C-alpha cells in the first residue's frame with residue numbers, strides 16, 4: 526500500500542521532548558528500507574506522523590494520550606465540535622473546571638470523545654505545554670494565560686485522522702515492550718523514552734506517567750535494544766547525552782551520533798535551551 530505524504534499530517538498536541546526540530550537529523554539516519562514501523566513511546570508523534578509509513582504500530586503508556594489518538598481516528602468531527610466549544614469558553618476558571626474532572630470522578634462519566642477534547646484543550650492552554658500528573662494521576666499543570674492559544678486546528682486533525690485510517694495504524698496503550706515484541710528482521714523501531722536526567726539534582730521532566738523512568742528502566746530498555754539487535758530489527762534510540770546513557774550503550778559507539786536540540790517544554794529550566802542529545806543506532810548508516 527502506498528501512502529501519499531500529506532504535509533498537514535503533524536502533531537496535534539505539544540509534548541515534552543517532542544522531535545519536530547530534530548526530524549532532519551532523525552531522517553538522515555533512518556534505514557534505507559523499512560518493512561514495518563514501530564514507535565512504542567509515541568508521545569506527540571512527530572516522527573511517525575512525518576514519515577507516514579503504511580501500517581505503523583504505535584504505543585504510549587499514557588492512556589489519555591492514546592485515547593485521544595483513537596478518537597482522532599474514529600470520531601474526529603465530534604472532537605472538533607467539542608474543541609470549538611472549549612475555545613469559546615476558554616478562561617482561567619474554565620480551565621480549572623475542566624482540569625478538575627480527574628479529581629471529582631467526572632472523567633470516568635464522560636465519553637472517550639469528551640475526554641479527548643479535554644486532553645487537547647488542557648494541553649493547548651496549560652502552562653508551558655506540559656502534561657504532568659501528580660501521584661494520584663491527576664493533571665496538575667497551571668493555566669498558561671496565553672492570549673490566543675491555537676486550541677483547534679481542523680485541517681491537521683482531519684489530515685491525521687485520514688492518515689490513521691488509511692494506514693491501518695495499530696494503536697496500543699501499555700508497556701513499550703508489548704508493542705514491539707512482534708517486530709521482525711527488516712522492521713524499524715524508533716525508541717524515544719523519557720530521557721535520563723541531565724544531572725542527578727535537576728531531574729528532567731518525566732512526569733507524564735505515574736511510573737517514573739529511572740535507572741532500572743533505562744537498563745531494561747538497553748536490554749530490549751540488545752534483544753532487537755539480535756533479532757535483526759533495525760532500532761534507533763534518542764536520549765540525553767549523559768554518562769549513564771553513554772555507558773549503557775558503549776558497544777554502539779560507532780553508530781552513535783550527537784545532535785543538538787532546543788528544548789522549550791520542560792518543568793525545570795536546566796532542561797530548556799540548547800542541549801546535546803544522542804541518536805543511537807544498531808545498524809550502520811551512510812552518514
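Numbering (this note's numbering), first residue to last: 526 to 812. Backbone N, C-alpha and C define an ideal beta-carbon position, used for all residues, glycine too. Bear in mind the structure is a predicted one, so any value in this text is a computation, not a measurement.
Three-way DSSP call (helix, strand, coil) for residue i in this model
| i | result |
| --- | --- |
| residue 625 | coil |
| residue 659 | coil |
| residue 738 | coil |
| residue 600 | coil |
| residue 784 | strand |
| residue 485 | Residue 485 lies beyond the range of the chain shown here (526 to 812); nothing can be said about it. |
| residue 684 | helix |
| residue 541 | coil |
| residue 764 | strand |
Contacting residues, own chain, Cβ-Cβ under 6 Å from residue i (five flanking each side not counted)
| i | result |
| --- | --- |
| residue 869 | The structure shown does not extend to residue 869, since the chain spans only 526 to 812, so no value can be given for it. |
| residue 575 | 548 |
| residue 542 | none |
| residue 540 | 568 and 569 |
| residue 593 | 641 and 644 |
| residue 816 | Here the chain comprises residues numbered 526 to 812, so residue 816 is not present and cannot be evaluated. |
Range of the contiguous beta strand (DSSP E) that encloses residue i
| i | result |
| --- | --- |
| residue 799 | 798-806 |
| residue 715 | 713-716 |
| residue 701 | Unbroken run through residue 701 is the alpha helix (DSSP H), 701-705; no beta strand (DSSP E). |
C-beta atoms of residue i and residue j nearer than 9 Å
| i | j | result |
| --- | --- | --- |
| residue 538 | residue 569 | yes |
| residue 777 | residue 551 | no |
| residue 805 | residue 761 | yes |
Neighbourhood of residue i by C-beta distance below 7 Å, restricted to the same chain and skipping five residues each side
| i | result |
| --- | --- |
| residue 534 | 574, 577, 684, 685 and 688 |
| residue 556 | 713, 759 and 808 |
| residue 786 | 546, 547, 800 and 802 |
| residue 747 | 773 and 774 |
| residue 591 | 585, 696 and 698 |
Residue i: first and last residue of the uninterrupted alpha helix (DSSP H) it sits in
| i | result |
| --- | --- |
| residue 562 | Segment 562-564 is the beta strand (DSSP E) holding residue 562; no alpha helix (DSSP H) there. |
| residue 695 | That residue, residue 695, is in no alpha helix (DSSP H); its beta strand (DSSP E) goes 695-698. |
Closer than 8 Å is the cut-off here; do at least three beta carbon pairs connect the stretch 683-703 with the stretch 589-607?
A contact exists between the stretch 683-703 and the stretch 589-607.
Taking contact to mean 3 or more Cβ pairs, one atom from each stretch, closer than 8 Å, check whether the stretch 608-624 and the stretch 694-701 are in contact.
These segments do not touch.
Three or more beta-carbon pairs under 8 Å between the stretch 749-766 and the stretch 602-610, yes or no?
Too few Cβ pairs lie closer than 8 Å, so no.
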